[in-house]
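A.B. asks: Residue numbers (our numbering), protein chains in the order written: chain R, 29 to 230; chain W, 17 to 642.
Don't be surprised by glycine CBs; every beta carbon is placed ideally from N, CA and C.
From a predicted model like this one, the values you see are computed outputs, not experimental measurements.
One structure coming up, written as structure tokens, with questions to follow.
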Amino acid sequence: MKVDLVIAGVGGQGNLFASEVISRYALGNGYNVLGTETIGAAQRGGSVVSHIRIAEGMIYSPLVPMGRADLLLGLEPVEMLRHSGRLSSQGRYLLNMYKIPTVMSNMGLDHYPSDEEIEGALASLNVSGCTIPATQRAYNLGNALLANVVMLGALCAFSSFFDRQAMRETLATAATRKFQELNLTAFDEGFALACQRTHSSF
Amino acid sequence: MAIQKRFMMGNEAIARGAAEAGVRVVAGYPGTPASEIVTSHLEFPGIHVEWSVNEKVALEIALGASLAGVRALAVMKHNGTNAATDFLLHLNYTGVRGGLVLVSADDPGGNSSQNEEDTRILTHLYAHLPVLDPSSPAEAKQMTQAAYELSERTELCHVLRPVARVCHARAAIELADIPLASPQPLFTDDRSRFIMSAVVEKTAGGQMRPVVRHRWLNEKGRQLLALAEASPFNWEEEGEGKTGLVGCGIGYAYIKETEQMLVRKWPVLKLGTLPLPRQKLVEFARRMERLVVYEDTEPVVERMIKEILFEEGIQVQVLGRSSFLPGEGELSPAVILESLRELDPNLPADDARVPPLSLPLPLRTRTQCVGCAYRGLLHVLQGVVRKTKGIVTGDIGCHDMGSFPPLELQSTIYCMGSSIPMAAGLAYSGLGRPVFAIIGDSTFFHSGMLGLINAVYQGVKMVVIVCDNATTAMTGFQPHPGSPVNLRGEQVLPISVEKVVRALAAEGAPLNGDRQGPEGGAQVQTVDPYQLSEVKAALEKALTQPGVSVIIAAAPCYLLSRREEVTPFERRPVRVNEEECTGCLVCINDFGCPALQAQDGGVAIDPVTCVQCGVCADVCRVGAIS
């Protein structure tokens, strides 16, 4: 039994918090966990990637090798596509459809892919996946920064490895007291969202 | 009793190891990937923890404590080890008393650095100190603990060289008790050791002391060889075939990963110490036809192995970073897999991957945060630089992102503190263009002040801009001497950048070389970088000065302020008036706030990311943002 998971996003999207909750959840269920992240420019709009490796046996590399990820979580579509090479042909993706243009694409010096291009690229991966408007939903709840938590909720509807109730409890202990209620609401919204979107094959 | 475990970062594991070993003094300077090693000590009572002004100072502090017999830790990233090298090349000769560990964290691949370095060269091949190279967070902790024992047994500073992937890896780590008591500090003189000087040693037949101490260090090297042989951090694993894989530090973890992926076992020699366990290596090599050495990043162990095998007369092919593997960049399971396939084309192909993307993806460069005071400053500076054909030299810190698109302002970025001297050199060259040096506050204290002193002393005509946000923002808001608080959370009197600059700048003194002439020295102005007109006026005034002119752009870091629930500016909710917007895109091309987005020939403000600093309203030339 192993789950290799990669979370890709942009600095400030709460990538590391999501990775922390997932890791704690897996540890709480008795698994070995090893992970790492690229955080050099985390707070300044650069790309941020977390690797989380969950297994019953020994894990050596903190990096998920190319083509080995079971789950790819995208907090942003271009960042998820950038790391799609980590995904196994048997893997699946869960994407927050919230585009964050790059500085260069804002300037018109670089092309940020259109919705159609993104959909085409997702289809070309030839794996199953689910796209949800997590940031939009978090924004409606009053704080766009909760998109990561909406994604955690969605992950529980998307993958049977993650038990909704246990994950919710892990989240409650990881979140600061002040934002606990809001976090749990965002989590539940994410779960409901993904339930609507995921196909029967999940 | 069940073993207590906690999920933690490699850096926390290193700190935990030091604390369990009874460390009493911890000093370092912030830098990815090492920063958390210092801050993680805060949770343990009875340890003095500090952010020192730079890495050399941190190492000097650590040795001072060690000479009083207590255990000490100095923490830095590879660039910092460069800065501390002068002192390192002295403490190797004197040795230590209380256990001393230097953490020199490398960043193979340069994911968070200006360069990629292998500080094993500096610390082991050059300074002749023993180095421990961990393959995982758990081993990093064990090595830290062992390093204290070994340091006291050998009287040598021990170096822990974790790579970023170990520092930033997260794993469940076994905990042990932290000793509350530590030896009573005691200092006794030993001038033959601790006075490093060119003096004649009577007891050594009139030899010079540096030669005597050098011999002492060389003799220690022989003691270290025996310790490496017995070290639990080096071992051998049986496997199929005659190609032996040598895994150094993280290289071992990737070898094991590759073995799991391919469900195959190679003969493996796992190495974690420098010097190498010579006998172990020789015995392993004798049974092999070929060795492949996996190490980050330079062929250090590979060349040491070649030397040993040559001396032993063993004919074995040794492959590694010097030619067979890439000579640059970080190791990964992919690098190992590819190299093994090259040696054995019969290895199963990796068909598990998804098809490669055909869609080109836009690159994501770093930029200032939304709300950052430096964006407006850099915008105004860019305007002045364009008009005057000026050149800007940059330094390390958040302002350095002005060198990326859209601003592309700084023409140079090297290492900590190089901006001011490089600008002076450009001025001396006779180029005849105005020169501007831009440096942050933490960097200014770290090593920027000396460049300013020199520039003022030489009377260079140049503009120096000190970005003062009262924190080391780039690496995660660590306090520095200009902050109102220290790492331990104690309120302190901040050392004012402005007062220091005014003192260094000899403000009001006669012009250099002209004692009868007008007042020279340097001019010092302080501006609020959120006020663009103020910045512009200061820059224009600065350019009229005959010598050094310093502008201090002082405003707290927005992100740090937000954490403390204050705002360093008056909130101005802004919107784009579509009828007045001419689509000139100055706000995007010459300012580049991520909350502004080009849209249908105009500009839109993203309400999710905008923090209402309102600076874009001042940037807009036609008043379309208000």
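To be precise: take each residue of the segment 104-116 of chain R, compare its Cβ to all Cβ atoms of chain W, and keep it if any distance is under 8 Å. Which residues remain?
C.D. replies: Those would be V106, E107, L109, R110, S112, G113, L115, S116, in chain order.
A.B. asks: Alpha helix (DSSP H) containing W:R579: first to last residue?
C.D. replies: Unbroken alpha helix (DSSP H) run through W:R579: 574-579.
A.B. asks: Do the segment 112-125 of chain R and the segment 94-104 of chain R touch if we need at least three Cβ pairs shorter than 8 Å?
C.D. replies: Enough Cβ pairs lie closer than 8 Å, so yes.
A.B. asks: Tell me the residue span of the beta strand (DSSP E) that contains W:A187.
C.D. replies: W:A187 -> beta strand (DSSP E) spans 186-190.
A.B. asks: Would you say R:P141 lies against chain W (beta-carbon separation less than 8 Å)?
C.D. replies: For R:P141, the answer is yes, since a Cβ of chain W falls inside 8 Å of its Cβ.
A.B. asks: What do you get for W:Y473, buried or exposed, if any count of 16 or more other CB atoms within 10 angstroms of its CB means buried?
C.D. replies: Its Cβ having fewer than 16 others within 10 Å, W:Y473 is exposed.
A.B. asks: What is the DSSP secondary structure of W:L612, reduced to helix, strand or coil?
C.D. replies: It is a strand residue.
A.B. asks: Leaving aside the five residues before and after W:T135 along the sequence, list all residues of the same chain whose C-beta is less than 7 Å from its C-beta, in chain order.
C.D. replies: Closer than 7 Å at the Cβ level, and outside the excluded window around W:T135, lie H94, T97, S120, D122, R177.
A.B. asks: Can you tell me whether W:R380 is buried or exposed, with buried defined as 16 or more other CB within 10 angstroms of its CB?
C.D. replies: Buried.
A.B. asks: Could you check whether W:R113 and W:L89 sit closer than 8 Å to each other, using their CB atoms as the reference points?
C.D. replies: Going by C-beta atoms, W:L89 is not nearer than 8 Å to W:R113.
A.B. asks: Any Cβ of chain W within less than 8 Å of the Cβ of R:Y231?
C.D. replies: Any property of residue 231 of chain R remains undetermined from this structure, which presents chain R solely from 29 to 230.
A.B. asks: Where R:V177 and R:S112 are concerned, what is the direct C-alpha to C-alpha distance, given to the nearest angstrom?
C.D. replies: Cα to Cα, R:V177 sits roughly 22 Å from R:S112.
A.B. asks: Would you mind telling me which residues of chain W sit closer than 9 Å to R:P90, beta carbon to beta carbon, in chain order?
C.D. replies: Those within 9 Å of R:P90 in chain W are G26, S152, P153, R181, V182, H184, A185, R186, A187, I266, A269.
A.B. asks: Going straight from the alpha carbon of W:T542 to that of W:M25, what length do you get?
C.D. replies: Each residue's Cα considered, the two are about 41 Å apart.
A.B. asks: Would you call W:P146 buried or exposed, if buried means 16 or more other Cβ atoms sit within 10 Å of its Cβ?
C.D. replies: W:P146 is buried by the Cβ-count criterion.
A.B. asks: At least one CB of chain W closer than 8 Å to the CB of R:R120: is that the case?
C.D. replies: Chain W, which has no Cβ nearer than 8 Å to the Cβ of R:R120, makes this no.
A.B. asks: Should W:Q539 be listed as close to the ligand FAD, given that the test is whether its C-beta is under 7 Å from any heavy atom?
C.D. replies: No copy of the ligand FAD occurs in the structure displayed, which carries no ligand at all.
A.B. asks: Using a Cβ distance threshold of 8 Å, determine whether the segment 409-428 of chain W contacts the segment 441-455 of chain W, with at least three qualifying pairs required.
C.D. replies: Judged by Cβ distances under 8 Å, the segment 409-428 of chain W makes contact with the segment 441-455 of chain W, as three or more pairs qualify.
A.B. asks: According to DSSP, is W:E253 helix, strand or coil?
C.D. replies: Three-state DSSP puts W:E253 in a strand.
A.B. asks: Note down, in chain order, each residue of its chain lying with its Cβ closer than 8 Å to the Cβ of W:R504, except the 5 sequence neighbours on either side.
C.D. replies: Closer than 8 Å at the Cβ level, and outside the excluded window around W:R504, lie L58, V65, E66.
A.B. asks: Using the beta-carbon of each residue, which ones in chain W are nearer than 8 Å to R:R96?
C.D. replies: The answer, in chain order, is M277, A368.
A.B. asks: Using the rule of at least 16 other Cβ atoms within 10 Å of the residue's Cβ for burial, across every protein chain shown, is W:A31 buried or exposed?
C.D. replies: With 16 or more Cβ atoms within 10 Å of its Cβ, W:A31 is classed as buried.
A.B. asks: Is W:K552 near W:V396, with beta carbons less than 8 Å apart?
C.D. replies: Result yes, Cβ atoms of W:K552 and W:V396 sit closer than 8 Å.
A.B. asks: In the DSSP assignment, find the alpha helix (DSSP H) that holds W:V351 and state where it starts and stops.
C.D. replies: 349-359 is the extent of the alpha helix (DSSP H) around W:V351.
A.B. asks: Along the segment 202-213 of chain R, what residues have a CB closer than 8 Å to any CB found in chain W?
C.D. replies: Listed by position along the chain: nothing, the set is empty.
A.B. asks: What residue ranges within the segment 42-97 of chain R form continuous alpha helix (DSSP H) runs of no fewer than 4 residues, ordered along the chain?
C.D. replies: If we require 4 residues or more, the alpha helix (DSSP H) runs fully inside the segment 42-97 of chain R come out as 43-56.
A.B. asks: Give the DSSP-derived three-state secondary structure of W:H174 in the structure shown.
C.D. replies: Residue state, collapsed to three classes: strand.
A.B. asks: If you count every other CB in all the chains shown that lies within 10 Å of the CB of W:L359, and 16 or more means buried, which is it?
C.D. replies: Exposed, since its Cβ has fewer than 16 Cβ neighbours within 10 Å.
A.B. asks: Using beta carbons (cut-off 8 Å, strictly below), is R:G37 in contact with chain W?
C.D. replies: No - not a single Cβ of chain W is within 8 Å of the one on R:G37.
A.B. asks: Please list, in chain order, the chain W residues whose beta carbon lies closer than 8 Å to that of R:M135.
C.D. replies: By Cβ distance, chain W contributes P421, P422, L601, I604, N605, G608, A614.
A.B. asks: Does DSSP put R:Y121 in a helix, a strand or coil?
C.D. replies: R:Y121 falls in the strand class under three-state DSSP.
A.B. asks: With a cut-off of 8 Å, does the C-beta of R:G42 fall near any C-beta of chain W?
C.D. replies: No, because no Cβ of chain W sits closer than 8 Å to the Cβ of R:G42.
A.B. asks: Mark W:G529 as exposed unless 16 or more other C-beta atoms lie within 10 angstroms of its C-beta, in which case mark it buried.
C.D. replies: Low per-residue confidence applies at W:G529: pLDDT is 49, beneath 50, and the placement is therefore not dependable enough to give any value.
A.B. asks: DSSP three-state label for W:A84, please.
C.D. replies: Three-state DSSP puts W:A84 in coil, outside helix and strand.
A.B. asks: Can you confirm whether R:G68, when its beta carbon is compared against all beta carbons of chain W, has any partner nearer than 8 Å?
C.D. replies: For R:G68, the pLDDT reaches just 48, beneath the cut-off of 50, and the residue's location in the model is therefore unreliable, although a value from the coordinates is still provided. So yes, R:G68 belongs to the interface.
A.B. asks: Return no unless some Cβ of chain W is closer than 8 Å to the Cβ of R:E217.
C.D. replies: No, R:E217 lies away from the interface with chain W (no Cβ there is under 8 Å from its Cβ).
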